[in-house]
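First the structure, in the form of structure tokens, and then the observations on it.
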Amino acid sequence: MTAADLHTLTGAYVLHALEPGERAAFEGHLDACPPCAQEVRELAATAARLGSAAAVSPPPALKEQVLRRIATERQDPPRGRARSRPSGGGGARGRAMSRFALAACLAAAAAFGGVAAWQQRAAQDARGRAEAAEQRSQAVVAVLAAPDAKLATARLPSGANSTVVVSRGQDKAVFLTSGLPKAPRGMVYQLWYDDGGTMRGAGLMDPATESDAVLLAGPVGAASGMGLTVEPAGGSAHPTSDPLVLLSFPAT
Amino acid sequence: MKEAVFIGGPSSAGPDLQELLALVARGDQEAFSRVYDLASGPVLGLVRSVLRDPAQSEEVVQEVLLEVWRTAPRFRSDRGSAMTWILTLAHRRAVDRVRSAQAAGDRERRAALLERTPAYDEVTEQVEAGLEREQVRRCLRTLTELQRQSVTLAYYRGLAYREVAELLSVPLGTVKTRMRDGLIRLRDCLGVSA
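Chains as they are written, first to last, in our numbering: chain A, 115 to 366; chain B, 29 to 222.
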């Protein structure tokens, strides 16, 4: 387990030495921290010099193989014509997705012409859901980008990585995992704030986004850390199982 | 052949890598062939230093160059040089390959990796880009031992900072900061700007 200021991770980031959760958190931070982005560009160029210094002569046959393969390989369209935003963390992707989902719902509703009342209601529901999702992902991005954002990481029993990013200023925390196995049937992952040993519910993880960034529900308050448990579907008022992971929030 | 090809530099006549990549972005296979000539040496050297295995390295080099071809339309020169972009792709792929081998339970390989000493010199034995190698080697000597090892173990061996910390028996936070201030010192010594 480790704690560090997000913006000191530039070096480990360009060396591809971060855990996946930290990497995602750092990329979220990068979007909103121009000095960090500038430092990343410089350090990436520096690392590339280490690569150039290791150059060797490739075997001649390799070139033929590569040229043969590109001859039948399609190229990606340029940026801007892509479906989602070119860069950014899970939050930005989530935002692009929810807009896309909303547009698709509205287009589908419009396509029927003389829109029946139920269709309109369905579209409004979809819009409401999309807007809620968008607000959540904006909140995630805001926490990752906070100047006082601090992170802690730990490994889950499954070997998956978990990271929590806390902003005391915003009184919010974001939990990120990668490689979290699907919750068993009829069960759900629940997040908790640790108020000095008493667990306070901080929301359920949406099964559809278990590998993504989740905003913890409610204020951080005086919590000293957070935990993750597996609970029966719908969640519990108090943890009914041992936590899979407990993360202490970094000291401010 | 006394001068190293410093890639992206003004030394070679004709279009540089950046310009070539713009042509590749429009599907120019001839331009790609020249990109290959400029980039394949550094890409192979880097990938081989991380993966060690020659056959696997060539496989990854092919994947990297294919990705360069495929994604050239998305390359943005305002985010950095073409060589930086290509070598970043290469490093990411090599590291992913090493880590997935570890995840697949290849403990033996992992143990061997951790037992091996940093051996930056071993890497440079293979080096043919003379001038560039000399300059990088000189600048690496300006780093503290811990900075140098943190940077080279992650870059040339593909180790995560956790593994670097384990190997060097230093706290995780220390490794992260040494990676950063090591690279910053290297940047200043090499005169890198972006």
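Glycine included, each C-beta is placed from N, C-alpha and C at the ideal position.
C-alpha gap between residue i and residue j, whole angstroms
i	j	result
Thr343 of chain A	Ala316 of chain A	11 Å
Ala263 of chain A	Gln252 of chain A	15 Å
Tyr303 of chain A	Gly348 of chain A	10 Å
Val96 of chain B	Val254 of chain A	32 Å
Ala59 of chain B	Gln189 of chain A	14 Å
Ala188 of chain B	Gly73 of chain B	20 Å
Gln46 of chain B	Leu290 of chain A	36 Å
Pro192 of chain A	His119 of chain B	23 Å
Pro43 of chain B	Val52 of chain B	12 Å
Ser355 of chain A	Val328 of chain A	21 Å
Phe93 of chain A	Ala139 of chain A	No statement about residue 93 of chain A is possible, as the shown extent of chain A runs from 115 to 366 and does not include it.
Leu66 of chain B	Lys177 of chain A	12 Å
Val198 of chain B	Arg190 of chain B	10 Å
Pro295 of chain A	Asp216 of chain B	44 Å
Gly311 of chain A	Ala337 of chain A	9 Å
Gly125 of chain A	Pro271 of chain A	28 Å
Val170 of chain A	Ala129 of chain B	24 Å
Distance CB(residue i)-CB(residue j) smaller than 7 Å
i	j	result
Thr122 of chain A	Leu214 of chain B	no
Leu181 of chain B	Val192 of chain B	yes
Val164 of chain B	Ala175 of chain A	no
Gly69 of chain B	Val123 of chain B	no
Asp308 of chain A	Gly335 of chain A	no
Gly108 of chain B	Ala222 of chain B	yes
Ala259 of chain A	His143 of chain A	yes
Leu79 of chain B	Arg62 of chain B	no
Thr170 of chain B	Ala158 of chain A	no
CB contact check: residue i to chain A, cutoff 7 Å
i	result
Gln177 of chain B	no
Ala129 of chain B	no
Val63 of chain B	no
Thr202 of chain B	no
Ser68 of chain B	yes
Glu166 of chain B	It should be noted that the sequence gives Arg, not Glu, for residue 166 of chain B. Not an interface residue.
Leu49 of chain B	no
Val220 of chain B	yes
Gly158 of chain B	no
Arg161 of chain B	yes
Ser77 of chain B	yes
Ala83 of chain B	no
Glu86 of chain B	yes
Leu72 of chain B	yes
Residue-level contact to chain B via CB, residue i, 7 Å cutoff
i	result
Thr122 of chain A	yes
Thr371 of chain A	Nothing can be reported for residue 371 of chain A, as the shown portion of chain A is limited to 115 through 366.
Gly165 of chain A	yes
Gly125 of chain A	yes
Pro192 of chain A	yes
Val328 of chain A	no
Arg183 of chain A	yes
Pro172 of chain A	yes
Lys264 of chain A	no
Lys296 of chain A	no
Residues of its chain near residue i, where Cβ-Cβ distance is below 6 Å and the 5 sequence neighbours each way are ignored
i	result
Ala268 of chain A	Met115, Ser276, Val359 and Leu361
Gly300 of chain A	Ala347
Leu218 of chain B	Cys167
Pro134 of chain A	Asn275 and Ser292
Sequence-distant residues of the same chain with beta carbon closer than 8 Å to residue i, five excluded per side
i	result
Ala331 of chain A	Leu305, Gly315, Ala316 and Gly317
Pro261 of chain A	Gly283
Cβ neighbours of residue i in the same chain (closer than 7 Å, five flanking residues each side left out)
i	result
Arg206 of chain B	Leu174, Gln175 and Ser178
Leu211 of chain B	Val179
Asp119 of chain A	Lys264
Arg121 of chain B	Val88, Glu91 and Val92
Ala100 of chain B	Leu49, Val52 and Ala53
Ile114 of chain B	Ala67, Val71 and Val96
Leu209 of chain B	The sequence as given places Asp at residue 209 of chain B; Leu does not occur at that position. Contacts found: Gln175.
beta-carbon residue i near the ligand ADP non-hydrogen atom, thresh 6 Å
i	result
Ala118 of chain B	As far as ligands go, the structure on display features none, and thus does not contain the ligand ADP.
Beta bridge counterpart(s) of residue i as assigned by DSSP
i	result
Glu345 of chain A	A:Val302
Ser362 of chain A	A:Gly339
Ala327 of chain A	A:Leu290
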